[in-house]
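1 is the number of the first residue of the sequence shown in the UniProt record's numbering; add one for each residue after it.
Here a beta-carbon is modelled for each residue, glycine too, at the ideal position from N, C-alpha and C.
Just so you know, these numbers come straight off a predicted model, no measurement behind them.
Each remark here refers to the structure printed beneath this line.
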Amino acid sequence: FNKQKLHSLVTERCYPEMVRGNRYKTIRWSFVESLEPPRVVHVRCDSLVSRGNLYGQVTVRMHTRQILAIYDRFGRLMYGGEQVPRDVLEYVVFERYLVNPYGSWRMHGKIIPAWAPPKDPIIKTVMIPGPALDPSQEYE
1 FNKQKLHSLV TERCYPEMVR GNRYKTIRWS FVESLEPPRV VHVRCDSLVS
51 RGNLYGQVTV RMHTRQILAI YDRFGRLMYG GEQVPRDVLE YVVFERYLVN
101 PYGSWRMHGK IIPAWAPPKD PIIKTVMIPG PALDPSQEYE
């Protein structure tokens, strides 16, 4: 994946959360459709450290239909599927450095409500130990 492009789209806080655990995985994602128009549910503007350091944050509610499939390093499906689209309700926080007039809105994180159903567990790949072989034997 393009690390520079991802850095330009997400904040420094969000980047490690997005790439953690994905090193040896293949992720196939596609956006199918928007079930509802995105809606701004919260806006916040705050100065950090000093008065001239203004950041704006916007929380957007997105109800979409997406396809996600995650494969392990051997190509076996761990999560989701490429045929079945799922309805996804997300609350995404976007952030912008307001002092810079040419700054862009970047993803800062996601808010997971307490009432949200738990995620499906990811199927782990494990090695099943076989019989111990002598060096003189061949593997069949």
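Taking residue 15 as part of the alpha helix (DSSP H), name the residues at either end of that continuous run. Residue range 14–19 is occupied by the alpha helix (DSSP H) that includes residue 15.
For residue 80, I'd like the list of residues in its chain whose CB is within less than 7 Å of its CB, leaving aside the five on either flank, ordered along the chain. 68, 69 and 70
Beta-carbon proximity of residue 99 to residue 52, cut-off 8 Å: yes
Just verifying my parser: in three-state terms, what is the DSSP assignment at residue 83? coil
Short of 6 Å in beta carbon distance, which residues of its chain neighbour residue 3, apart from the five on each side in sequence? Order them along the chain. For residue 3, same chain residues with a beta-carbon under 6 Å away, outside a window of 5 residues either side, do not exist.
When you compare each of 25, 6 and 5 to residue 124 by their alpha carbons, which one comes out closest? 25
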